[in-house]
Structure formats: structure tokens, C-alpha cells
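Residue numbers for the sequence shown follow our numbering, so the first one is 280 and each next one is one higher. Positions of the beta carbon are idealized from the N, C-alpha and C atoms, including for glycine.
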Amino acid sequence: MASPSRLAHYVLRTNQLTKMVTWYCILLDARINFRNDVICFITYDDEHHRVAFVATETYAEKPSWVQVGFYHAAFAFDTLSDLLKNYRRLKALDVLPYRCVNHGPTVSLYYRDPDRNDVEMQVDAFPNAEAASAFMRSEHFARNPIGLPIDPEDFISKLEAGIPESNLLRRADL
């Protein structure tokens, strides 16, 4: 059996179509490719849609407690500087991460959409997937697979002071 070549998109059901579309277009700096009263497709790259929203009926609201199911989607940036520029852009629009972590394989900022779905914005901390996978198989990662909290403002200050991205991408406990 052949594996898929890529993840194409994901779809969210919502009772707040306009609010969700607006929030994701801000978060991803995305554009609408199609929208009507009950469905919308947005993209930020050459794919015809990366996220879609469906509002074809009134759905039961998500419970306020943690439950089994889809946890989050992650969107990757090419560099730490790009991730932090996006953080600053979003912060100026009052879109703030609720959690910021250096996992080891990635540096990640987590956001929560208007329907309380989580979205991760990340940058890879290793130069390639093989190096990240090797780290994930290490005893060090096994001892702390979640990672350490980070402060994006501190990272920005350090980058502005000339500290290389590679130093900041390395988890502080390594």
C-alpha cells in the first residue's frame, strides 16, 4: 500500500462561520478561495484550500472540558524569525498564544480559535527530519517529550541582540 504524498486540508464544523473564517484568515494570513452562506475554503499557499469551514446546520457546542478527539493542527514556518514575525503580527491584532514551548523537535506557539480548537504554529528545530527523528528516539526526549516553556518576547530580544537562531532552537535543557 502506498502512503499519501501530503496532508491536503482539514475541515471544521462551526456555528460561527464568519468569526472562524476571519480568525483563521488572520492567523494564517490566508485568503478565501470560495465562500457562501454555509461553507468556506481558505488557503495561504498554492493549494486550492488548506482549511475549510462547514456551517450546514446548528451543531452541539464543544464541552468545556478536555475530551477524546482531534487535538490540534500545526502549521510550519521555515525559520524561527518567520515564526516570531508572525507572532508579532498576530499580537498587534490581539491574537495571542496561550502556550509557547520548545518541544525539542520544534519550537511551537499554540493558539485557540473562537470555537476552542487548538492551532499550533511551529518551526523545526533540526535541519532535517532524520535529525529530529533521532532526537525523538533519544533518552533525553523520552525523559521530557513535552519540552520547556519559552517566552517569544525573550526570543525576539535575543535574536535582535545577535544570538543565532540555532542557539534558540536548541532546547535549554540540552
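Which residues mark the beginning and the end of the beta strand (DSSP E) in which residue i is found?
| i | result |
| --- | --- |
| Glu399 | Asp397 to Asp403 |
| Val330 | Val330 to Val333 |
| Ile279 | Outside the displayed range of the chain (280 to 453) lies residue 279, so it cannot be described from this structure. |
| Ala355 | His351 to Phe356 |
In whole angstroms, what is the alpha-carbon distance linking residue i and residue j?
| i | j | result |
| --- | --- | --- |
| Ser387 | Glu432 | 14 Å |
| Thr337 | Phe349 | 20 Å |
| Cys319 | Phe313 | 6 Å |
| His419 | Val374 | 33 Å |
| Leu372 | Ala410 | 35 Å |
| Tyr389 | Glu326 | 23 Å |
| Pro283 | Ala408 | 17 Å |
| Trp302 | Pro393 | 8 Å |
| Leu286 | Ala339 | 27 Å |
| Lys341 | Ala440 | 43 Å |
| Glu399 | Pro428 | 14 Å |
| Asn315 | Thr293 | 14 Å |
| Cys304 | Glu444 | 28 Å |
| Thr335 | Ala353 | 26 Å |
| Phe414 | Val347 | 28 Å |
| Asp459 | Ser412 | The shown model of the chain, from 280 to 453, leaves out residue 459, and the question about it has no answer. |
| Arg378 | Arg450 | 16 Å |
Measure from the alpha carbon of residue i to the alpha carbon of each residue in the options, then state which is nearest.
| i | options | result |
| --- | --- | --- |
| Arg395 | Ala440, Ser360, Gly426 and Trp344 | Trp344 |
| Leu296 | Pro428, Val317 and Ala309 | Val317 |
| Pro424 | Val380, Arg368, Phe434 and Glu409 | Val380 |
| Ile442 | Ala408, Leu359, Lys370 and Arg368 | Leu359 |
| Tyr323 | Arg310, Asn294 and Arg285 | Arg310 |
| Ser465 | Gln346, Leu453 and Asp357 | Nothing can be reported for residue 465: it is not among the residues displayed for the chain, which extend from 280 to 453. |
| Phe332 | Pro342, Lys341 and Ile321 | Ile321 |
| His351 | Asp397, His328, Asp357 and Arg391 | Asp397 |
Give me the DSSP bridge partner(s) of residue i.
| i | result |
| --- | --- |
| Leu388 | Cys379 and Met400 |
| Val290 | Ala331 |
| Pro428 | Val380 |
Compute the distance between the beta-carbons of residue i and residue j, then report whether it is under 8 Å.
| i | j | result |
| --- | --- | --- |
| Pro384 | Phe405 | yes |
| Leu291 | Met299 | yes |
| Val330 | Tyr366 | no |
| Ala355 | Asp308 | no |
| Leu306 | Leu369 | yes |
| Lys437 | Leu448 | no |
Less than 7 Å separating the Cβ of residue i from some heavy atom of the ligand SAM?
| i | result |
| --- | --- |
| Ala355 | Among the components modelled here there is no ligand, and therefore nothing to report on the ligand SAM. |
I'd like the span of the alpha helix (DSSP H) that includes residue i, first residue to last.
| i | result |
| --- | --- |
| Asn315 | From DSSP, Asn315 is part of no alpha helix (DSSP H); its letter is neither H nor E. |
| Asn407 | Looking at the DSSP string, Asn407 is not in any alpha helix (DSSP H), and its letter there is neither H nor E. |
| Asn365 | Leu359 to Ala371 |
| Leu448 | Glu444 to Leu448 |
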